[in-house]
Each structure stands twice: as C-alpha cells, then as structure tokens.
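First up is the structure itself, then whatever we jot down about it.
Chains as they are written, first to last, in full-length UniProt numbering: chain A, 1 to 342; chain B, 1 to 342.
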C-alpha cells in the first residue's frame with residue numbers, strides 16, 4: 001500500500017488471499033490449514049508457515065464465508081428467554097452450550113424480545129443456523145419451523161412444555177411438577193389447594209400446565225378436594241394483598257408456582273398472622289438453596305432436567321439425519337421434597 | 001427440476017435468484033426490496049410482487065451474505081457470562097438488547113465457557129460482528145481487542161470493573177459498592193468488618209474491587225477499624241463452617257458480597273446463635289426483593305446501572321466514529337439502604 005490509512009480502523013480487513021501471498025501458498029491451502037481439515041495432507045512446515053502468516057496479519061477465518069462455501073454452517077442458535085430463567089435453567093443452558101461446543105458447534109443465543117413469533121423465526125433464519133434449539137417460552141409456530149427449514153436449518157428442536165408441528169420436540173411436561181406438588185399436599189390431608197399463577201405474562205407457558213397438573217392429581221386422588229387458582233405478581237404488594245384476604249378463601253394449602261414465589265407468599269402469610277404450616281401448608285418448586293434457608297424450611301418439588309450432553313447428542317443426531325422421524329421425548333421427572341412448610 | 005428430491009430437507013435452499021426469476025425482476029431489485037433500501041425508487045406493485053415471490057418460495061435474506069457484500073455487518077455480539085448474573089444484570093441485559101434492536105442492530109450472545117481469553121476473541125471474530133459489548137467477567141485482553149478490530153469490529157466496548165487497552169471502557173467501578181457498605185457500617189459504630197469473598201472463581205473480578213472499596217473507606221474513615229476477608233462458597237456447609245468459628249474472629253460486622261450470600265450467611269449466623277444485628281451487623285448488595293423478606297430485614301447497597309438506551313447509543317456512536325477518543329465512563333453509583341440487619 002502506498003498510502004498510509006489515516007485511521008487504523010479504516011485499514012482493510014486481512015483476507016485469506018493476503019495470508020496465501022505472505023506464506024507463498026494457495027488460498028485452498030490456507031483454508032485447509034486454518035480450518036483444520038485433516039482429509040488433506042499438508043506438511044508441518046507449510047502448516048506452520050500459514051499459521052505464522054495468519055498471526056502476523058491478524059487474519060481470522062470468516063465463519064459465514066466458510067459456511068457459504070460449504071453450503072451449511074455449524075451454528076446452533078439458542079433463542080434467549082426474555083424472562084429471567086432462574087438458577088436452575090441457567091445452569092442447564094450452560095451445560096447444553098458446553099456439550100455442543102465439545103461437538104464442534106458454534107452456539108449463539110439470540111434475544112427476540114419485542115418480536116412476534118414469525119418475525120423472530122425470520123430473524124433467526126437470516127443467520128442460517130444449522131440447528132435451532134428453542135426453549136418453550138419462545139413462541140415457535142409451525143410456519144416459523146417451515147421458514148427455518150427452508151433456510152437450511154437441519155434441526156429445529158423445541159425444548160419446553162409444548163409440541164410444535166414439524167419440530168422435533170423434547171417435551172418437558174410441566175404438568176408433572178404440579179401433580180407432584182398436589183399429590184404431596186393430598187397425602188398430608190390437605191383438601192383446599194390454592195395454586196399461584198404468576199401475573200407476569202412470559203410465564204404462562206409454564207404456569208398453565210403446572211395448574212393442569214394440580215387439577216389432574218386432585219381429580220385422581222381427592223374426591224372431596226378442590227383447586228383455587230390465585231393470580232399473584234412477583235412483588236411484595238401483590239403478595240400482601242393475597243395474604244390479607246387469605247382466611248376468606250378457606251384454603252388449607254398452597255402450591256406457589258416455584259420457590260421464589262413461595263418465599264414471597266410465605267413471608268406475606270406470616271406477616272398477616274397465618275400460621276405455616278398449621279393453618280396453611282406451602283409448597284414451592286425448583287428445589288433452590290433458598291428454600292432450606294427459610295423458616296419453616298420450604299417444601300418443594302425437585303425437577304430433574306436432562307443433561308446437557310443428552311441434548312447436544314440429540315441435536316447432532318438430527319443434524320446428521322434430519323429426515324428421521326420427528327421424535328417426542330418426555331424428559332421431565334419431578335418429585336416432592338418434604339420439609340417443614342407442609 | 002425433473003427429479004423430485006427424496007426428502008424435503010434435501011430440497012435446495014431458495015436463493016434470491018429464484019425469487020428474481022419468479023417475480024420477473026433483477027436480483028438487485030430483490031435485494032433492494034427485501035432489505036428495505038429506501039434510496040432506490042421501486043414501484044409498490046413491484047415491491048409486492050417481490051415480497052409475494054419470496055413468501056411463496058420461503059426465501060429469507062442471508063444476513064452473512066448481505067454483510068459480505070456490504071463489507072460490514074449489523075451484528076452486535078454480547079459475550080455471555082458463564083456465571084449466573086442474577087436478576088439485576090439479567091434485566092439490564094434485556095434492556096440493552098431491546099435498545100440495540102431499536103437502532104436496527106442484530107444482537108447475538110455468545111457463550112465462551114471453557115475457552116481461553118484469546119481463543120474466545122478469535123471465535124467471536126469469526127462471526128465478524130460490527131461491535132462487541134463485553135461484560136467484565138469475560139476476560140478480554142489487549143491482544144483480543146486487536147484481533148477483533150482487525151476482523152472488522154468497529155466498536156469493542158467493555159462494560160465492567162476494569163479497563164482493557166484499546167477498548168472503549170464503560171467502567172462500572174465495583175469499589176463504590178464496597179465503599180458504600182463499609183461507610184454505612186462505620187457510621188453505625190462498627191469497627192471490625194468481615195468481607196465475604198466468594199470462593200466461586202468467576203466472581204473475583206467483582207469481589208476484589210468490592211474488597212478494595214471496603215479497605216479504602218476504612219482507611220479514610222476509621223483509624224481504629226480493621227478489615228478481615230472471609231472466603232465463603234455459595235452453599236450451606238461453607239456458611240455453617242464460617243458461622244461456627246464466628247466468635248473467634250472478633251468481628252462486629254460483615255459485608256457479605258451481595259444479598260444472596262448475605263441471606264446464606266445471616267441464616268448460618270442465626271442458626272449458630274449469633275444475634276443479628278446485636279452481635280454482628282450484616283450488609284448485602286444489589287437491593288434484591290429477597291432482602292425485604294428476611295427477618296431482620298437485610299440492609300443492602302443499591303446499585304444504579306446505566307440504562308440500556310445509554311449503552312445502545314454509545315455502541316452506535318462508536319460504530320459510526322470508531323476513531324474517536326477511547327472513552328472512559330464511570331457509570332456506577334451506589335448507596336447504602338439501611339434496614340434492620342445493621
């Protein structure tokens with residue numbers, strides 16, 4: 001270059017052609033070396049020369065250019081939840097990403113806050129992922145699945161409470177959580193069971209099946225029992241309002257959606273003079289550490305999620321054989337953990 | 001096509017050429033219409049024909065191909081934390097993503113769990129983002145910044161406790177949190193201040209400056225006061241071990257890193273018969289809802305984060321003028337919230 005660029009940010013981005021020129025090899029050789037292609041025999045000195053030239057120029061392969069040439073990418077897209085997922089799911093997501101990386105996939109998360117379901121699917125498709133692994137709270141429609149598949153996604157997998165037509169489904173049946181909570185309360189002789197339904201809109205894909213699970217367990221096991229849905233937001237005022245009218249509801253137990261809502265409601269009940277568990281048993285879900293720190297210690301439902309490795313291996317299997325049967329896996333196991341609040 | 005593909009997933013991905021052919025227009029026209037280029041005048045009937053053809057074929061523009069042509073992308077990469085960030089940062093991240101989307105950026109998060117700092121920077125560079133917005137707990141080195149800039153990133157912005165050479169820094173000075181906690185305890189007449197340092201490795205970028213902030217406040221305000229760092233993991237056993245030896249430490253106060261660690265330690269102290277706040281004052285940080293639910297109500301440090309819009313506007317400004325001065329913003333304000341535990 002005869003002209004010195006005024007600003008370093010205006011300097012041209014180095015390309016594989018620059019690397020090839022500096023190393024005195026072909027562009028194809030640069031590509032083989034930097035993408036670790038083992039199918040082609042290239043001597044160690046040549047490999048070193050290419051790597052040194054790339055390092056000197058600051059060249060990094062362009063993932064998208066590579067996938068345009070190869071006709072497919074190694075990108076797995078994880079749509080990001082826009083509701084706080086809590087420590088349980090956060091750990092699970094880390095595990096899934098780790099396991100996919102070990103299988104040589106690039107994992108990116110994509111937030112779709114504020115987009116409609118089909119808009120979001122189109123935005124994901126623009127990135128041309130080879131697989132999409134969607135948590136249930138992101139609305140993925142059958143149309144969205146088709147858009148993604150037409151754009152080259154080999155695997156569209158939903159991981160959540162519901163099936164979506166055309167997608168491989170890993171159904172985590174949230175009804176099991178509600179059923180375990182209700183069965184536990186019925187065993188303890190409770191007969192009038194309140195069920196907290198969070199007022200926060202993003203959570204209804206979880207709270208509705210949990211409520212359905214409570215109803216199912218009560219229908220099965222408690223001829224004389226009843227279920228009362230209770231809307232509550234995750235703030236002190238909402239919990240205090242619910243607790244103030246508690247005795248009028250005639251309930252002797254409450255399944256409070258999860259441990260965090262349970263902590264909030266239990267505190268409000270105690271402040272309103274309602275004895276837990278004497279007058280009212282309280283059960284949460286998720287088996288978080290905080291439940292053991294409360295007094296009385298909080299009873300809960302322990303949820304067993306699949307391992308990250310199981311999920312990653314399924315993604316890889318579907319990517320390799322996209323036309324296998326659409327699988328449906330029931331992945332959720334749940335059991336009550338009895339402590340002092342029930 | 002004379003041959004019917006055996007499986008739908010083997011069907012070729014529709015291209016803009018296919019759309020152009022079906023709509024009877026040029027590829028350039030397809031590109032103008034689908035990328036909403038307003039600079040070129042195209043009649044409404046033609047626009048409609050292109051959109052209908054795209055819809056019929058299931059064609060979605062390819063973001064990477066478009067950015068290869070344009071020479072730059074609109075992708076902002078947010079490296080993902082591999083430690084649970086807690087509700088405070090989770091809400092903040094949502095806000096940032098929302099605000100960037102409003103400025104027409106595509107935001108993707110990328111987990112770099114298990115990668116070294118320079119490996120991670122190279123992996124990010126492969127995606128050719130126009131901007132990288134890194135939270136502090138991801139180690140970004142000066143070398144990593146250079147790799148990203150050579151690959152076309154206009155803006156590399158760190159958002160965390162420390163500066164990184166070459167990057168724009170939004171310094172959230174965590175020392176302010178420790179200082180606010182310590183100043184509050186000194187005001188209450190406490191003189192021997194324990195400081196919880198989480199044993200979890202990912203958190204030291206936050207815990208070290210918080211400890212330094214405590215030392216600074218004590219050096220300034222308490223000639224006769226002392227500071228004692230206390231390592232504790234986020235589990236019951238670790239908290240119980242610390243509480244069992246508490247009286248031997250001779251402390252009359254503890255700043256417990258954040259509200260979650262404070263909840264854990266306060267419970268362990270109470271279980272060990274240590275009166276809070278009588279024998280020992282406890283202060284957390286982050287001002288989470290849970291602090292108000294504890295008894296005694298937990299004193300805390302309220303942290304004011306910048307708004308998502310402020311962050312997004314800075315990203316956009318640096319992308320447009322990458323060679324402006326490297327800015328350093330001090331973004332963190334913190335003040336103590338006195339409740340019952342101190």
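Built from N, CA and C at the ideal position, the CB exists for glycine as well.
With 16 other Cβ atoms within 10 Å as the buried cut-off, status of residue i
i: residue 190(A); result: buried
i: residue 35(B); result: exposed
i: residue 102(B); result: exposed
i: residue 223(A); result: exposed
i: residue 106(B); result: buried
i: residue 210(B); result: buried
i: residue 237(B); result: exposed
i: residue 43(A); result: exposed
i: residue 323(B); result: exposed
i: residue 198(A); result: buried
i: residue 80(A); result: buried
i: residue 219(A); result: exposed
i: residue 142(B); result: exposed
i: residue 248(A); result: exposed
i: residue 244(B); result: exposed
i: residue 201(B); result: exposed
i: residue 104(B); result: exposed
Short CB-CB distance (under 8 angstroms) between residue i and chain B
i: residue 176(A); result: no
i: residue 126(A); result: yes
i: residue 132(A); result: no
i: residue 313(A); result: no
i: residue 267(A); result: yes
i: residue 151(A); result: yes
i: residue 24(A); result: no
i: residue 292(A); result: yes
i: residue 147(A); result: yes
Within-8 angstroms CB hit, residue i to chain A
i: residue 32(B); result: no
i: residue 108(B); result: yes
i: residue 299(B); result: no
i: residue 13(B); result: yes
i: residue 363(B); result: Residue 363(B) lies beyond the stretch modelled for chain B, which goes from 1 to 342, so this question has no answer here.
i: residue 80(B); result: yes
i: residue 283(B); result: no
i: residue 159(B); result: no
i: residue 58(B); result: yes
i: residue 264(B); result: yes
i: residue 41(B); result: no
i: residue 111(B); result: yes
i: residue 122(B); result: yes
i: residue 162(B); result: no
Beta-carbon separation (whole angstroms), residue i vs residue j, contact threshold 8 angstroms
i: residue 178(A); j: residue 213(A); result: 3 angstroms
i: residue 169(B); j: residue 158(B); result: 5 angstroms
i: residue 195(A); j: residue 230(A); result: 7 angstroms
i: residue 185(B); j: residue 255(B); result: 7 angstroms
i: residue 128(B); j: residue 64(A); result: 7 angstroms
i: residue 130(A); j: residue 74(A); result: 6 angstroms
i: residue 301(B); j: residue 333(B); result: Contact doesn't hold; Cβ gap of about 11 angstroms is too wide.
i: residue 242(B); j: residue 268(B); result: 7 angstroms
i: residue 100(A); j: residue 76(A); result: 5 angstroms
i: residue 109(B); j: residue 109(A); result: 4 angstroms
i: residue 22(B); j: residue 56(B); result: 7 angstroms
i: residue 59(B); j: residue 26(B); result: 15 angstroms between Cβ atoms; not a contact.
i: residue 164(B); j: residue 140(B); result: 5 angstroms
i: residue 264(A); j: residue 225(A); result: About 25 angstroms; that fails the 8 angstroms criterion.
Check: residue i C-beta below 7 angstroms from any heavy atom of the ligand ATP
i: residue 25(A); result: No copy of the ligand ATP appears in this structure; indeed no ligand is present at all.
Contacts of residue i in chain D (Cβ-Cβ under 7 angstroms)
i: residue 62(B); result: Given the protein chain composition of this structure (A and B), no chain D is represented.
- Query: Are the stretch 310 to 319 of chain A and the stretch 287 to 298 of chain A in contact at 8 angstroms, needing three or more beta carbon pairs?
  - Reply: These segments do not touch.
- Which runs of the beta strand (DSSP E), 3 residues or longer, sit entirely within the stretch 231 to 306 of chain A? 253 to 255, 281 to 283, 300 to 304
- List in chain order: all unbroken alpha helix (DSSP H) runs of 4+ residues lying wholly within the stretch 132 to 193 of chain B. Runs of alpha helix (DSSP H) with 4 or more residues, each lying fully within the stretch 132 to 193 of chain B, are found at 142 to 150, 175 to 187, listed in chain order.
- Hey, is the stretch 276 to 295 of chain B in contact with the stretch 146 to 157 of chain B, meaning 3+ C-beta pairs nearer than 8 angstroms? no
- Entirely enclosed alpha helix (DSSP H) segments - the UniProt domain "HTH lacI-type" (14 to 70) of chain B, minimum 4 residues: Taken in chain order, the complete alpha helix (DSSP H) segments of 4 residues or longer contained in the UniProt domain "HTH lacI-type" (14 to 70) of chain B are 16 to 23, 27 to 34, 44 to 57, 63 to 70.
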